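One structure is given here, and the rest of the page talks about it.
Numbering (our numbering), first residue to last: 11 to 297.
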């Protein structure tokens, strides 16, 4: 793998991409990263215990900027921490293997950090327009982000599909590896940053397209995981567990703005999330 795009002192930025058993999605993500306007950056792919590790390795070998780090299948939080420790750039950008960052993504996030921000985030868009289940899933996540905006250019929550931080900030505030699934670990991280007085600066021009491969069953399980993760986050804080009624009203309105099927799925997501919360509460009582 070549060191294209890096100077003698190393890259100006590192992009960390956790991946597991999705080589085709990863290949599309790496192609989008190859098309970035920025020139001095590397890509660190963390294979988090893929069943076919050779398939992932072949994909990474085909991308000039990318290098591979082997994880142990401990989940995305541990994989991101591993990638951040392996990063050589002073700026660490995070995205997921089913995301395709826009051409100006790395440059926009790095510029905001150079202007003095500690942590930055950009919009994650539904990359599968017309697919109701993908639209519904993205609407749920994006509504949580939008509802956390303070009107001064900061958000209280952003998914790790599109965030970046200075490397030393990530070293001091790693993801909680007790979260083994892609559920709640990003919310816990954002809440911990806020508690330490670190704001997430919003960078609207740093967009990524999220190409979620979901059907109804996977959507239900995803939203259940979100509910379980949310319960764990709230159980560890003194904050209110439920959003105000207006949050859910606006969420449903947003879902139906994507179409009737997407709106119905957003309603279903609330049932799945509540089921996940109840399951995690029951499990916590038994522990």
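Glycine residues also receive a C-beta, built at the ideal position from the N, C-alpha and C atoms. Predicted model only: the values in this text are computed from it and were never measured.
- Taking all protein chains in view, the Cβ of residue 203 is crowded by 16 or more other Cβ atoms within 10 Å, so the residue is classified as buried.
- Fewer than three pairs of CB atoms, one per stretch, sit closer than 8 Å, so the stretch 138-145 makes no contact with the stretch 114-129.
- Minimum Cα-Cα distance from residue 219 among the listed residues 54, 65, 109 and 48 corresponds to 109.
- Taken in chain order, the complete beta strand (DSSP E) segments of 3 or more residues contained in the stretch 114-175 are 129-131 and 134-136.
- The residue from 263, 254 and 103 with its alpha-carbon nearest to that of residue 180 is 103.
- It is roughly 31 Å from the alpha-carbon of residue 170 to the alpha-carbon of residue 296.
- With distances taken between CA atoms, residue 100 lies nearest to 120 out of 120, 224 and 89.
- Taking a 10 Å sphere around the C-beta of residue 43, we find 16 or more other C-beta atoms and assign the residue as buried.
- For residue 89, there is no enclosing beta strand (DSSP E); the residue is part of the alpha helix (DSSP H) that begins and ends at 86-96.
- When the Cα atoms are used, residue 58 and residue 160 turn out to be separated by approximately 35 Å.
- Taking the CA atoms as reference points, residue 40 sits about 17 Å from residue 134.
- Residue pairing for residue 229: DSSP places it in no beta bridge.
- Checking the DSSP bridge columns, you'll see residue 51 partnered with 23.
- Scanning its chain for C-beta atoms nearer than 7 Å, with the 5 sequence neighbours on each side dropped, one finds around residue 176 the residues 100, 101, 123 and 128, in chain order.
- Residue 186 holds the alpha-carbon nearest to the alpha-carbon of residue 92 among 111, 186 and 172.
- Of all alpha-carbon atoms in 293, 216 and 66, the one lying nearest the alpha-carbon of residue 237 is that of 293.
- Here DSSP, grouped into helix, strand and coil, assigns residue 256 to helix.
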